[in-house]
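Asker: Each residue of the sequence shown is one higher than the one before, starting from 1 at the first, in the UniProt record's numbering.
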Amino acid sequence: MPQPPGVLPEPDSALPDALPRLDDEGAPAEDTLPPDAFVTPDPALPDSGDQTLDDLYQRLAQAKSAAEAHPFEQRILKRLVATGSATLDLMVGWSTTAASAKRFPVSLDLLDQVLLQKPDYAEGYNRRATIYYMQDEYTRAIADIDRALAIEPRHFGALSGLAMIMREIDQEARALEIYRRLEALHPNLPDVRKAIDELTLAVDGRPI
């Protein structure tokens with residue numbers, strides 16, 4: 001079911017019959033990704049078309065609380081998720097549904113097709129990086145995060161993913177640098193301050 005640009009289809013209605021919903025034994029797939037593996041904007045929050053992305057990021061950085069930051073975060077996500085094409089939006093939705101059922105090859109194939117048609121789609125690279133990460137393909141994940149950040153350096157989802165990977169591969173100084181960049185961009189993002197405190201102690205040997 002096609003949706004307006006920037007709004008992902010609902011999983012049950014979006015997944016075409018050609019995409020598998022069963023596990024390898026033909027049973028319903030129960031082992032799914034965490035529900036927050038792919039962050040999607042709240043469809044109930046309307047976009048404010050008179051605000052540029054620069055405006056939204058500025059308001060996000062200036063927000064004094066998570067509640068104040070929320071509408072700006074959501075409007076940014078709407079802009080990032082939108083491909084500008086109803087067809088490509090639908091394919092992104094199918095990819096998300098396939099990934100949630102751990103049908104990673106199907107999900108990757110769909111994202112590959114989207115990125116072939118829209119190579120400047122930062123969120124596409126970010127989502128493909130997430131799937132690579134779920135398969136422990138860190139080199140590919142980092143490469144796609146780098147592509148996403150080359151297009152949109154303020155993509156806080158991509159920055160969060162990169163910081164997490166850096167921690168997992170024991171690149172703590174690099175992770176700290178990214179988390180500090182992330183805090184300046186989105187100071188109310190959950191757990192960023194905690195990560196900075198932990199990494200500062202690990203890297204510098206003292207609390208900040």
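By construction, the Cβ of each residue, glycine as well, lies at the ideal position given by its N, Cα and C atoms.
#1: Pop quiz: residue 163 and residue 179 are said to be a contact at Cβ under 8 Å. What is the actual Cβ separation, rounded to whole angstroms?
#2: Which same chain residues end up closer than 8 Å to residue 203 when comparing Cβ atoms and leaving out the 5 residues on each side of it in sequence?
#3: Determine the contact status of residue 158 and residue 142, defining contact as a CB-CB distance below 8 Å.
#4: With burial defined as no fewer than 16 other Cβ atoms inside 10 Å of the residue's Cβ, what is the status of residue 274: buried or exposed?
#5: Rounded to a whole number of angstroms, what is the C-alpha to C-alpha distance between residue 70 and residue 154?
#6: Check whether the Cβ atoms of residue 123 and residue 80 sit closer than 8 Å, and answer yes or no.
#7: Below 8 Å on the Cβ atoms is my contact criterion, and I expect residue 60 with residue 76 to pass it. Report the Cβ-Cβ distance as a whole number of Å.
#8: Expressed to the nearest angstrom, what Euclidean distance is found between the alpha-carbon atoms of residue 152 and residue 53?
#9: Between 136, 100, 88, which lies nearest to residue 116 when the distance is taken from Cα to Cα?
#10: Could you spell out where the alpha helix (DSSP H) holding residue 74 opens and where it closes?
#11: Report the rounded CA-to-CA distance for residue 62 versus residue 190, giving the unit in angstroms.
#12: Which of the three DSSP states is assigned to residue 135 in this structure?
#13: Flag this pair as yes or no: are the beta carbons of residue 100 and residue 111 separated by less than 8 Å?
#14: Indicate the three-state DSSP secondary structure (helix, strand or coil) for residue 176 in the structure shown.
#15: What's the gap between the Cα of residue 167 and the Cα of residue 183?
Answerer: In short, the structure shows the following:
#1: About 5 Å; that satisfies the 8 Å criterion.
#2: Within the same chain, residue 203 has close Cβ partners 172, 173, 176.
#3: Inclusion of residue 158 and residue 142 in the CB contact set at 8 Å is not warranted, their separation being larger than that value.
#4: Residue numbering for the chain in the displayed model covers 1 to 208; residue 274 lies beyond these limits and cannot be assessed.
#5: One Cα belongs to residue 70, the other to residue 154, and the distance between them is close to 16 Å.
#6: Yes.
#7: Residue 60 to residue 76, Cβ: 7 Å. Contact.
#8: Between the alpha carbons of residue 152 and residue 53 lies a gap of roughly 11 Å.
#9: Per the Cα distances, 88.
#10: Per DSSP, residue 74 is one residue of the alpha helix (DSSP H) stretching across 66–81.
#11: Using only the alpha carbons, I get a separation of about 16 Å.
#12: Coil at residue 135, not helix or strand.
#13: No Cβ-Cβ contact shorter than 8 Å links residue 100 with residue 111.
#14: DSSP places residue 176 in the helix class (H, G or I) of the three-state scheme.
#15: If you take the alpha carbons of residue 167 and residue 183, they lie about 16 Å apart.
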